[in-house]
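Be aware that the sequence shown starts at 12, since it is given in the working numbering, and climbs by one per residue.
The next block holds one structure in the form of structure tokens; read it before the comments.
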Amino acid sequence: MILEAVDTADFVARARARLHVAPPGPFNPTNNPRGDHSLNEPLPALGAPPKAAAVLIPVVLHPGAATVLLTQRTASLRDHSGQIAFPGGKVDAEDGAPLVTALREAEEEIGLARDRVEPLGYLDAYLTGTNYFITPVVGLVEPGFTLALNPAEVADAFEVPLGLLLDRASYELHEREWKGQRRRFYAIPFGTRTIWGATAGILRNLTDRLYGS
């Protein structure tokens, strides 16, 4: 299905109907969580419990052409340096809920004020190969906001057409060697950038949940 011109009202209706109303809860291996392993082997044996994290999927409601706001992480970061990501990070004890984490991190990383975000719901949690258990929050953002990037974490912020990200034809299967094994992952070419790894995997999960059978 090609969704270059997304019906924004239909997208919002699907999101309200098909996303989780409450966060999916803590990691439980018996629930067969989605994650980087989904295109590869079954859920791997974990050396330690995964670290809880949350991200915001900010859908910007431009008239007739909604987009998703993404970031490019700085090259100096220890984890996922230079990669394209959603605003987000580890759940702090004082946050109390993934929604609070996602909104707090969006403010800290890119200066997106939390009162500009209308939460729509939660996507299935996602387990990364780096042992993070991510709860994605989908939120609507009205255009006209001003960003202030934190240079210690974010090198750039940019928007991608929502229709491109909801089109399964946009997703390529790539492979690379990682920790001595060939691993498959989704990648989405976008101009001179490539959205890949957990970010692409989460976006594919969003597409499947909202527009799958």
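Note that the Cβ used here is the ideal one computed from N, Cα and C, for glycine as well.
Check                                                                                                     : Outcome
Contacting residues, own chain, Cβ-Cβ under 6 Å from L158 (five flanking each side not counted)           : I121, G122, A168
Beta-carbon separation (whole angstroms), R195 vs N43, contact threshold 8 Å                              : Actually they are not in contact, since the Cβ atoms of R195 and N43 sit about 18 Å apart, beyond 8 Å.
Three CB pairs or more closer than 8 Å across the region 114–133 and the region 146–162                   : yes
Residue of L177, A63, R204 minimising C-alpha distance to G212                                            : L177
Distance between beta carbons of F97 and L67, contact taken as under 8 Å                                  : 6 Å
Cutoff 7 Å; reference V17; Cβ partners in own chain excluding five residues on either side                : A77, L173, G174, L177
V32, buried or exposed, once every other Cβ within 10 Å from all chains shown has been counted against 16 : exposed
Integer Cβ distance of P69 from A117, believed to fall under 8 Å                                          : 7 Å
Runs of alpha helix (DSSP H) wholly within the region 69–137 (minimum 4 residues, chain order)            : 109–121
Alpha-carbon spacing of G58 relative to G100, whole angstroms                                             : 21 Å
Test item: CB-CB of R127 and V111 under 8 Å                                                               : no
Residue burial classification, D47 (beta-carbon count within 10 angstroms, cutoff 16)                     : buried
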